[in-house]
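K.L.:
As they're listed, the protein sequences go chains A, B and C. Read in order, the letters of the first sequence are residues 1 to 436 in the numbering used here. Read in order, the letters of the second sequence are residues 437 to 862 in the numbering used here. Read in order, the letters of the third sequence are residues 863 to 970 in the numbering used here. Below is a structure I'd like to ask you about.
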Amino acid sequence: MSPGDLYPRPAEGTWTEHYPELGTSEVSFQDSISPEFYRREQDAIFRQAWLNVGRVDDLPKRGSFFTKDIVAARTSVIVTRDGDGVVHAFHNVCRHRGNKLVWDESPTQETSGFARQFVCKYHGWRYGLDGACTYVHQEDEFFDVEKATLGLAEVACEVWAGFIFVCLGKEPRQTLREFLGPMVGALEGYPFEAMTERYSFRAENNSNWKVFIDAFQEYYHVPPLHTYQLGPNNRDPNLTFEGAHYQLDGPHRVVSTTGVQKHKWPPETMYPSEVLLRSGNMGPWDAHELAAEISGVNPGGVDRWGIDNFQIFPNLEILIYERNWYLSYRFWPTSHNTHVFEADLWFTPAKTARERLAREYAAITVKEYALQDCGTLDGTQLGLESEAFDSYPLNDQEILVRHFHKSVGDWVDAHRRALGDETLGFDPMAPPPVTG
Amino acid sequence: MAHFGKPAEGSWTEHFGLSTEPISYGDSISPEFYALEQEAIFKKTWLNVGRVEQLPKAGSFFTKELDAAKTSLLIVKNRDGVIKAFHNMCRHRGNKLAWQDFPNEEIAGFSRQFTCKYHGWRYDLDGKLVFVQQEKEFFDLDKEKLGLAPISVDVWEGFIFVTFNPDPQPLKDYMGKLGAGLEGYPFELMTQKHTYRSEIGSNWKLFIDAFMEFYHAPVLHSQQATDEESRKLQEYGYEALHYDIDGPHAMVSSWGGMSPPKDLGMVKPIERALRSGLFGPWEGPEIGELPEGVNPAKSKTWGIDSFLFFPNFMLLIWKPNWYLTYHYWPTSYNTHIFETSLYFAPPKNALERLQQELAVVTFKEYGLQDANTLEATQTMLQSGAVTEFPLCDQEVMLRHMHTVARDYVEKHKSDSGAVLAGTKGA
Amino acid sequence: MAAFPAQFAALEPYADWALPSEADRYAKRLASSMDELQSFYDAALPLLESQADYLKGVSLDGISEADLNLLRCLQALVTVSFPVEAWHQPYVPDSGAASIDVTVEPRP
């Protein structure tokens, strides 16, 4: 710990040096501007890791389904809850001639709803919610086909704490719990299921998915970029930021912040709306009591804890707020320099119009500041692509940025080694051997 | 239980000696395979690029962009009325010769000669280089040797074909038994033409597949029929009257388009009002006896014959005496241009004109349903999630076409290998 | 000045459907509400049925302006019939972003 530090640092003196495998040198951001690297990420990460595609709230009853187009993994999946309540995931492709199975008006858009079965629009083949093929039109025109062998191609699917994950690897190398590890796993008891009032946003950003994630992995940028988060009497772009606690576990990481307990601040430090609505960027001031005993949150045990920001590899972020609400972000690459950003904010349901307005205000606030990030990061992407420089310094408050890019690089390297050569290796475009 | 007869072997597929195993669609999702197709297929076979009516007089010409053969063509009728085809490229420094505002767009018209926009070189209607700007500046220039690069061109039943094959079989032989069976059809009478063009986000062969089987029609196009008819069709399913295969080509003959329909309640009001529909005007023009190859099953319920002349020329003959052509021109391994031309005998009055309009618009409405689905099919095939696909007997033409495409590619690979082997150490 | 021959007076409110190219007619259909399409269809289809003989007598050579307008308007009816009779919406279902464009069409 140095003089002037607000919070204690590890014995080594810095968070970064507490994890020696990270090093402290400048980093390259080549991984965020290279189309070739993106292709490798698609196979090494998006077709290997567990990916969060939704929550059990997206499948409210038996027969519920939704589709998720995962461009980064070159596929689309259907997620269902069958008649026994079991959650399944499948590749969204008919077993007849490869038509996309479930879509509404346009096959390039996701859809959701309720169904007893899925019917392919092309030749009328039918599948149950458990993926079984139940009907082949003009079946006797076929040769030795058995419907029992024509079920939808299954995708490994597990639910953790109400979050639905899929793994597109042929054989997932780890179960979901093994993948999440103990630090993230400890959140299992958090009462996510009590927070059912939902606000969702979607954006298409002109930046690499990792460049945008980086904006959420450090608060170092908050005083200068989000200066206006503080009321006019408090605003000071020279304010500094120190994370209270940083922790890494495998490819996942967390930062905890403290002190931003706005419900305790003097009114003159905030905007009139914040005071009138009793809400703001930290959420509604009047938090509902939570029934459960909460574990996993504030792993560093810091005082006056405000937010935990869990970054779950590769592209999921869960932020848990002291005021008893949470949000999740997902970042879906669509190319080496574009991605889709999805944000879901979850609250315990409002019981009055006033509570509803407080939640609205919190949601809009998140959006307003996220827009500042979106715009700025488009600029970052352009800057990086100029390749005027090839290395960039990161400070101790940016340890999570450093760790994230290292984790991505490690996964890509491991995949290449596993394939035994230095080239891409797995080529889904290779023509199969000629058959009859 | 089949309604129409099947061959002795029990299925059309087995009758033609084809395997009944599921197929892979690897040939439709691979850039490498497409590169081989360009050499093995599009530079070896006869390709239909137009019809003689597009070249009404000496000096008439049109250009054709052929990404699949990596070139652009100039097709022209010379002063003697002979049709010629050339690479659309100036012999000086390779500039594209005939184009208007956008070099990638096809053009057509009439010209006495072709002048390169770059340095003004001129070629006559026989491709001969007739003028070189500042000829004296060149070194031993022999204009005789600098004519437009010709490619073989021939005409079958008014359809203009070209080939890049240096040693092709005669076009009539290439068209084989199925072509011979169509000779004498009065294509030249049907000069009222509508053409549509579409850019499709799928491999060229996948869209051909959609048109070679009608198994999908009662399902995908169910809203096109009245509810009652649609229900009945889905119950019965679809079976063709007849299939035939000859070399790389194939055809399907189908029932349909009863005119007038037995039950007028089964057709849409506009079809009743105009006495027309998908299958065309209920009463078509008199054209005399149809050639042998049309309606091969000689069925009273015959409605349509669809011929695929490999690689990418489809010809559909409709009962009310009109026809259409489909062409599928690949532009990459997963995109292609789809062109449709519908040909009718010229309408004699406004009512006939409207009857034809309904047939044409109906084709387009159906086509849009197919076109959109294909892009998603391409994406899902490329995911590699599923790699084997069962085809039923009504999909025999698909099975055949993909087999032919692969055979051509395999042959090309082994021939090139033989050439390489032959030159080793030479 | 009436757009159409006298016996087609009921079509006058729909004279703006008398468009010369398929692309224009199709674009107008996509840009219309189902109510607008239904209204046009309801006015035009009965006339098509009752005036078939008249149309048979209209030669395309030297066609008059009024008859040309009429022909174009009825061509528009052909494209509008699909949303009304088959699709129950202006766009072809499942067609998404696909387009199939006319490059050659007869005139008239």
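Glycine residues also receive a C-beta, built at the ideal position from the N, C-alpha and C atoms. None of these values were measured; they are calculated from a predicted model.
How big is the Cα-Cα spacing for Gly23 of chain A and Arg9 of chain A?
P.N.:
Each residue's Cα considered, the two are about 17 Å apart.
K.L.:
Taking all protein chains shown into account, do 16 or more other C-beta atoms lie within 10 angstroms of the C-beta of Ala862 of chain B, making it buried, or fewer, making it exposed?
P.N.:
With a pLDDT of only 38 at Ala862 of chain B, under the threshold of 50, the placement of this residue in the model should not be trusted; the figure read from the coordinates follows. Ala862 of chain B comes out exposed.
K.L.:
Residues of chain C with a CB under 7 Å from the CB of Lys121 of chain A: which are they?
P.N.:
Those within 7 Å of Lys121 of chain A in chain C are Asp956.
K.L.:
Please name the residue, chosen from B:Ala653, B:Ile740, B:Lys734 and B:Val566, that lies closest to Gly692 of chain B on a Cα-to-Cα basis.
P.N.:
Ranking B:Ala653, B:Ile740, B:Lys734 and B:Val566 by Cα distance to Gly692 of chain B puts B:Ile740 first.
K.L.:
Would you mind telling me which residues of chain B sit closer than 9 Å to Gly919 of chain C, beta carbon to beta carbon, in chain order?
P.N.:
Here the neighbours are Asn785, Ala786 and Leu787.
K.L.:
Once DSSP output is grouped into helix, strand and coil, what is the label at Phe743 of chain B?
P.N.:
Here Phe743 of chain B sits in strand by DSSP.
K.L.:
If we cut at 7 Å on Cβ distances, does Asn731 of chain B have a partner in chain E?
P.N.:
Looking for chain E here will not work: the only protein chains present are A, B and C.
K.L.:
What are the uninterrupted segments assigned as beta strand (DSSP E) that are 3 or more residues long and contained completely in the stretch 750-837 of chain B, given in chain order?
P.N.:
Listed in chain order, they are 758-768 and 771-780.
K.L.:
Could you give the residue range of the alpha helix (DSSP H) that holds Ser273 of chain A?
P.N.:
First-last of the alpha helix (DSSP H) with Ser273 of chain A: Pro272 to Leu277.
K.L.:
How would you call Arg95 of chain A, buried or exposed, if buried means at least 16 neighbouring beta carbons within 10 angstroms?
P.N.:
Arg95 of chain A is buried by the Cβ-count criterion.
K.L.:
Taking the CB atoms as reference points, tell me whether Glu501 of chain B and Glu542 of chain B lie closer together than 7 Å.
P.N.:
It is a contact, given that the beta carbons lie within the stated cut-off.
K.L.:
Would you list, in sequence order, the uninterrupted alpha helix (DSSP H) runs of no fewer than 4 residues that lie entirely inside the stretch 183-231 of chain A?
P.N.:
Counting whole runs of 4 or more residues, the stretch 183-231 of chain A contains the alpha helix (DSSP H) stretches 209-216 and 222-225.
K.L.:
Just the C-alpha distance for Arg304 of chain A and Gln48 of chain A, rounded to the nearest angstrom, thanks.
P.N.:
The straight-line gap from Cα to Cα measures roughly 38 Å.
K.L.:
Any C-beta of chain A sitting closer than 7 Å to the C-beta of Leu817 of chain B?
P.N.:
It does: the Cβ of Leu817 of chain B has a partner Cβ on chain A nearer than 7 Å.
K.L.:
Considering only their Cβ atoms, is the gap separating Phe341 of chain A from Phe331 of chain A smaller than 7 Å?
P.N.:
Yes.
K.L.:
Using beta-carbon positions only, say whether Ala505 of chain B and Lys479 of chain B come within less than 7 Å of one another.
P.N.:
Contact: yes.
K.L.:
Going along chain A in order, which residues have a C-beta closer than 9 Å to the C-beta of Gln830 of chain B?
P.N.:
Those are Gln138 and Glu141, listed as they occur along chain A.
K.L.:
Note down the Cα distance separating Pro349 of chain A from Leu357 of chain A, rounded to an integer number of angstroms.
P.N.:
So the two alpha carbons sit approximately 12 Å from each other.
K.L.:
Looking at Ser464 of chain B: is its Cβ nearer than 7 Å to the Cβ of Leu642 of chain B?
P.N.:
Yes, they are a contact pair.
K.L.:
7 Å is my cut-off, CB to CB: does Leu614 of chain B come that close to chain C?
P.N.:
No, because no Cβ of chain C sits closer than 7 Å to the Cβ of Leu614 of chain B.
K.L.:
Could you tell me which chain B residues have their CB closer than 7 Å to the CB of Ala153 of chain A, listed as they occur along the chain?
P.N.:
Within chain B, the residues near Ala153 of chain A are Ala821 and Val822.
K.L.:
Check the Cβ-Cβ distances between Ala812 of chain B and every residue of chain A, and say whether any is below 7 Å.
P.N.:
True, the Cβ-Cβ gap to chain A drops below 7 Å.
K.L.:
Using 8 Å as the cut-off, can you tell me whether the stretch 235-245 of chain A makes contact with the stretch 158-174 of chain A, which would need three or more C-beta pairs spanning the two stretches below that distance?
P.N.:
Flag = no, the stretch 235-245 of chain A and the stretch 158-174 of chain A do not touch.
K.L.:
What residue range does the alpha helix (DSSP H) around Phe643 of chain B cover?
P.N.:
Where Phe643 of chain B is concerned, the enclosing alpha helix (DSSP H) stretches over Trp640 to Phe647.
K.L.:
Let me know the secondary structure DSSP gives Thr599 of chain B once reduced to three states.
P.N.:
If DSSP states are grouped into helix, strand and coil, Thr599 of chain B belongs with the strands.
K.L.:
How many angstroms separate the CA atom of Val591 of chain B from the CA atom of Phe550 of chain B?
P.N.:
Their backbone Cα atoms lie some 23 Å apart in a straight line.
K.L.:
Taking all protein chains shown into account, decide if Tyr610 of chain B is buried (16 or more other Cβ within 10 angstroms of its Cβ) or exposed.
P.N.:
Under this definition Tyr610 of chain B is a buried residue.
K.L.:
For the alpha helix (DSSP H) that contains Gly85 of chain A, what are its first and last residues?
P.N.:
Where Gly85 of chain A is concerned, there is no enclosing alpha helix (DSSP H), given that its DSSP letter is neither H nor E.
K.L.:
Compare the Cα-Cα distances from Tyr361 of chain A to each of A:Val102, A:Val27, A:Pro272 and A:Asp58 and report the closest residue.
P.N.:
Comparing Cα-Cα distances from Tyr361 of chain A to each of A:Val102, A:Val27, A:Pro272 and A:Asp58, the minimum goes to A:Pro272.
K.L.:
Taking three-plus beta-carbon pairs below 8 Å as touching, is the stretch 929-945 of chain C in contact with the stretch 773-784 of chain B?
P.N.:
Touching, no, given that fewer than three Cβ pairs across the two stretches are closer than 8 Å.
K.L.:
Could you pull out every unbroken beta strand (DSSP E) segment of at least 3 residues lying fully inside the stretch 450-521 of chain B, listed in chain order?
P.N.:
For the stretch 450-521 of chain B, whole beta strand (DSSP E) runs of length 3 or above, ordered along the chain, are 482-487, 496-502 and 507-513.
K.L.:
Can you give me, in chain order, the residues of the stretch 934-945 of chain C that have a beta carbon less than 8 Å from any beta carbon in chain B?
P.N.:
Those residues of the stretch 934-945 of chain C that come within reach of chain B (Cβ to Cβ, closer than 8 Å) are Leu936, Gln937, Leu939, Val940, Thr941, Ser943 and Phe944.
K.L.:
Is the beta carbon of Val77 of chain A less than 7 Å from the beta carbon of Val166 of chain A?
P.N.:
Yes; because the gap between Cβ atoms is below 7 Å, this pair is in contact.
K.L.:
Within 10 Å of its beta-carbon, does Ala872 of chain C have 16 or more other beta-carbons around it, so buried, or fewer, so exposed?
P.N.:
Exposed, by the Cβ-count rule.
K.L.:
Does the CB of Gly446 of chain B have a neighbour CB from chain A at under 7 Å?
P.N.:
It does not; no Cβ of chain A falls within 7 Å.
K.L.:
Tell me the DSSP bridge mates of Val159 of chain A?
P.N.:
DSSP, once it has assigned bridges, lists A:Ile164 as partnering Val159 of chain A.
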